[in-house]
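Have a look at the structure below, then the notes.
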Amino acid sequence: MTAQELFDRLKTVQPGSVLCNYTLEHCQKLVPLINEINELKKERRAVILAHSYVAPEIILGVADYDGDSFKLSQDATKVQADMIVFAAVRFMGETAKILNPTKDVYIPGPLSGCSLADSITGNDVRKLREKYPDYTFACYINTTADVKAECDVCVTSSNVYKIIANLPNDKIVFVPDRLMGKNLQEMLRKNGIQKEIVLYSGCCYVHEKYDPELIRFFREQNPGLRVVSHPECHPGIALLSDYVGSTGQMVSYIKEQPKDTPILLLTECGLNARMQYEFPDKTFIGSCSMCKYMKSNSLENILETLRHPEAATKVELPEETMHRAKHCIDEMFRYAAM
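In our numbering, the protein residues as written are 244 to 581.
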């Protein structure tokens, strides 16, 4: 890859909205890192998975697979390599390890936590099971392997409604995202589906901070505005949005909008940047929120992981935990395919 090729892809990213400034000079500094990473991938028989929230130069420069949690979960089952470098956060790396137990999985970012995943533990789920013995336990994919091992089925933002609606039990404990859970309850109610859903107290600090007043302000300033939000946002945001969906679903919706449509995208900055270079004919307005965990991934630490995997953060899980967590994930794939 040349600096000009990278710059041509990234020059439409607006610095004010995603804290990125892709000048040709900056791209000239990034390209040597990108090219060395791509050479080392061949030597190490490695692949790189990258969530849409990481920096654009990772997705465009070195990622073999990119997308949202559900797509990357599917992609992880197709990997033909000895080594997986997952540019995201730890719970996603754990999912890749569960689906590829014989492969080495590494997390390059130094901040590999997640405010949502870290809000609950497997022990918390065990205590809830004692309190709700007759309930089906569904966990959001944004959870640790330990939590998945204690639950019956996993869901993502793209399939949560379909899976919960199709569960044979009408009594559900949904963990850990209370805001997604509230949006789920409202969607079920609108469609006449009666289920008792017990919620937990977790949330994503990035999506939680969006305020409904923000939408009202931008609608007044931008006629024809389309507001696109994530189900991890407050129900008040969902109510005022034109579309609510997962990262992948939001991309599909934005792609269908007419040229020059003003779009307010309420999710992490990485997707905002991606939309700006994929759809330069659309108008993206307003600011976005940045996840410090996702943005701790960089070309530099991906390169260091490939250079010195023995010193990198390797995902290691107990066999029993992986076996039980895999059943939870496999149930997600089964219900999603119905």
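Note that beta-carbon positions come from the ideal geometry of N, C-alpha and C, so glycine has one too. Bear in mind that the values here come from a model prediction, so they are computed numbers and not experimental data.
Is it buried or exposed, aspartate 413, if we count other Cβ atoms within 10 angstroms and call 16 or more buried? Under this definition aspartate 413 is an exposed residue.
For glutamate 553 and glycine 356, the rounded distance between their alpha carbons: About 21 Å.
Note down the Cα distance separating serine 260 from phenylalanine 527, rounded to an integer number of angstroms. The pLDDT assigned to serine 260 is 47, lower than 50, so where the model puts this residue is not dependable; a value taken from the coordinates is nonetheless given after this. Cα to Cα, the separation comes out at about 9 Å.
Between asparagine 281 and arginine 369, what straight-line distance do the alpha-carbon atoms span, to the nearest angstrom? So the two alpha carbons sit approximately 43 Å from each other.
Considering just the uninterrupted stretch of the alpha helix (DSSP H) at histidine 450, what are its terminal residues? Annotation for histidine 450: the continuous alpha helix (DSSP H) segment containing it runs 448-451.
Would you grab the beta carbon distance between cysteine 476 and serine 358 for me? Rounded to a whole angstrom, and I think it's under 8 Å. About 14 Å separates the Cβ atoms of cysteine 476 and serine 358, ruling out a contact at the 8 Å cut-off.
Candidates Ser316, Ile480, His294: closest to glutamate 451 by CA position: It is Ile480.
Identity of the residues DSSP links to proline 505 by a beta bridge: Its beta-bridge partners are Thr526.
Exposed or buried, which one is arginine 469 when buried takes at least 16 other CB atoms within 10 Å? With a threshold of 16 other beta carbon atoms within 10 Å, arginine 469 meets it and is buried.
Assign proline 505 to buried or exposed, taking buried as 16 or more other Cβ atoms, counted over all protein chains shown, within 10 Å of its Cβ. A buried status is given to proline 505, since no fewer than 16 other beta-carbon atoms sit within 10 Å of its beta-carbon.
Would you identify the three-state DSSP class for arginine 421, choosing helix, strand or coil? Looking at arginine 421 - three-state DSSP - the assignment turns out to be helix.
With a threshold of 6 Å on Cβ separation, who are the neighbours of leucine 303 within its own chain once the five nearest residues in sequence on each side are excluded? Cβ neighbours of leucine 303 beyond the five flanking positions: Arg252.
Would you check if the distance between the CB atom of glycine 513 and the CB atom of tyrosine 378 is smaller than 7 Å? No, they are not a contact pair.
Backbone secondary structure at leucine 292 - three-state DSSP: For leucine 292, the three-state secondary structure derived from DSSP is strand.
Between which two residues does the beta strand (DSSP E) harbouring cysteine 596 extend? Residue 596 lies beyond the residue range present for the chain, which begins at 244 and ends at 581; the question has no answer from this structure.
Could you tell me which of Thr245, Met423, Glu439 sits nearest to proline 411, measuring between CA atoms? The shortest Cα separation from proline 411 among Thr245, Met423, Glu439 belongs to Glu439.
Test item: CB-CB of cysteine 382 and valine 418 under 7 Å: Taking 7 Å as the Cβ cut-off, cysteine 382 and valine 418 qualify as a contacting pair.
Tell me, please, whether the segment 336-349 touches the segment 425-432 by the rule of three or more beta-carbon pairs shorter than 8 Å. Contact fails: fewer than three Cβ-Cβ distances are below 8 Å.
C-alpha distance - arginine 287 paired with glutamate 563, whole-angstrom precision: CA-to-CA, the gap between arginine 287 and glutamate 563 works out to about 29 Å.
What are the start and end residues of the beta strand (DSSP E) that includes alanine 330? Unbroken beta strand (DSSP E) run through alanine 330: 326-330.
Output needed for asparagine 434: all residues of its chain with C-beta closer than 8 Å, excluding positions within five of it in sequence on either side, in chain order. Exclusion of the five residues before and after asparagine 434 leaves Ala408 as the residues of its chain whose Cβ lies within less than 8 Å of its Cβ.
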